[in-house]
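Q: Dumping the structure here so I can ask a few things about it.
Numbering (mature numbering (1 follows the signal peptide of the UniProt record, and there is no 0)), first residue to last: -20 to -1, 1 to 301.
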């Protein structure tokens, strides 16, 4: 049986703007709403996994997140208190390879009470197309290759995200068999929502003047692959990478060659890099959110709402009809 305890909320709140600590994402899950005390403590490593657990577990779990609002998951640091909470949790949901401190904490504190979603997500190597990924899987099946060059942003592909959601629901049911029916009902609702979102994207991006997506960093490879777009990142997988003057000049030349009208910036890293390219080329800057974390601007939003805002930005920037 799951252990009862007083939960420790790890997310550092943005003072006054985000309000009280905790998880507040809206969802259409079928949690029973009975108000009974939650029987599970679940830790999620960062927002996309927190959202899944919220939607699937409902009121059966108290949820902590290791990467607070406004923080970049790529730069995660865990306090001793956070590491202790990882060890006390009934379940830790994380994605290996994205946050080394989380990987270390799980290995040391929760090797048997954790779910690594990375194998389920079927990650692509950064910069490869869906076709190249399929060829890579076939050629190197079972070779135990290093995952260091893989793109961690699987949640921007609704199908991969749904696959991970199913895995989370299954593991929650193993940990808490009494809640299995709730978890399966909730994940069915969530998957239905993701399928509807996928249909919205496919319809909106079917007919666009441009299919070239120039972004601050290479966070949108899965999204681009799913909807037949071409991503051009100013920097690589990590948003903290600083492009050299030579790289900025190269991207500016590429923007002019492609004939795009828009460069997309990101909320966590600001628009300085994208604006530099825009000033050189005379194009517009719009915002695309990789949804790695909530921000001040998205504090009252959830995954689906941010994805829809991204779709509006892409439809405008790519000239979709």
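Note that the Cβ used here is the ideal one computed from N, Cα and C, for glycine as well.
Could you give the distance in angstroms between the alpha-carbon of residue 269 and the alpha-carbon of residue 246?
A: On the chain shown, residue 269 is found 289 positions in, with the first residue counted as 1. On the chain shown, residue 246 is found 266 positions in, with the first residue counted as 1. Straight-line Cα distance between these residues: approximately 5 Å.
Q: What residues in its chain sit with their C-beta under 6 Å from that of residue 26, if we drop five residues either side in the sequence?
A: Sequence index remark: in the chain shown, residue 26 carries index 46 (1-based). Contacts found: 47, 53.
Q: Please list the terminal residues of the continuous alpha helix (DSSP H) segment that includes residue 67.
A: For this step, residue 67 is matched to residue 87 along the chain shown. Unbroken alpha helix (DSSP H) run through residue 67: 60 to 68.
Q: With the cut-off set at 7 Å, would you say residue 90 and residue 73 are in Cβ contact?
A: Within the chain shown, numbered from 1, the residue matching residue 90 stands at position 110. Within the chain shown, numbered from 1, the residue matching residue 73 stands at position 93. No.
Q: Where does residue 167 sit, in a helix, a strand or coil, going by DSSP?
A: The sequence position of residue 167 within the chain shown is 187, counting from 1. It is helical.
Q: Can you check the stretch 30 to 101 for any alpha helix (DSSP H) of at least 4 residues that lies completely inside it and give the ranges in chain order?
A: Correct list: 60 to 68, 80 to 89, 98 to 101.
Q: Looking at C-alpha atoms only, which residue of 60, 129, 244, 152 is the closest neighbour of residue 309?
A: The structure shown has nothing for residue 309, since the chain only spans -20 to 301.
Q: What whole-angstrom Cβ distance do residue 235 and residue 257 have, given they're in contact under 8 Å?
A: Stepping through the chain shown from its first residue, residue 235 is reached at position 255. Stepping through the chain shown from its first residue, residue 257 is reached at position 277. About 6 Å; that satisfies the 8 Å criterion.
Q: Considering only DSSP beta bridges, list what residue 244 is partnered with.
A: Numbered from 1 along the chain shown, position 264 holds the residue referred to as residue 244. Answer is 195, 266.
Q: Per DSSP, which one or two residues make a beta bridge with residue 210?
A: The residue you call residue 210 lines up with position 230 of the chain shown. BP columns for residue 210 point to 192.
Q: In whole angstroms, give me the CA-to-CA distance for residue 149 and residue 139.
A: As a position in the chain shown, residue 149 is number 169, starting the count at 1. As a position in the chain shown, residue 139 is number 159, starting the count at 1. Answer to the nearest angstrom: the Cα atoms are 15 Å apart.
Q: Tell me, please, whether the stretch 182 to 201 touches the stretch 290 to 298 by the rule of three or more beta-carbon pairs shorter than 8 Å.
A: yes
Q: For residue 24, does the three-state DSSP call read helix, strand or coil?
A: Working through the chain shown from its first residue, we reach residue 24 at position 44. Three-state DSSP puts residue 24 in a strand.
Q: Starting from the Cα of residue 41, find the closest Cα among 28, 69, 59 and give me that residue.
A: As a position in the chain shown, residue 41 is number 61, starting the count at 1. That would be 69, whose Cα lies nearest to the Cα of residue 41.
Q: Considering only residues of the same chain and omitting the five flanking positions on each side of residue 188, which have a CB-CB separation below 7 Å?
A: Numbered from its first residue, the chain shown carries residue 188 at position 208. If we look at residue 188 and ignore the five residues flanking it on each side, its Cβ neighbours are 298, 299, 300.
Q: Considering only the beta carbon of each residue, do residue 254 and residue 240 sit closer than 7 Å?
A: Walking along the chain shown from the start, residue 254 turns up at place 274. Walking along the chain shown from the start, residue 240 turns up at place 260. No. Outside cutoff.
Q: Let me check one thing: in DSSP terms, what residues is residue 235 bridge-paired to?
A: Residue numbering aside, residue 235 sits at position 255 when the chain shown is read from its first letter. Answer is none; residue 235 lacks a bridge partner.
Q: Report whether the distance from the Cβ of residue 87 to the nearest heavy atom of the ligand GDP is below 6 Å.
A: This structure does not include the ligand GDP; it has no bound ligands of any sort.
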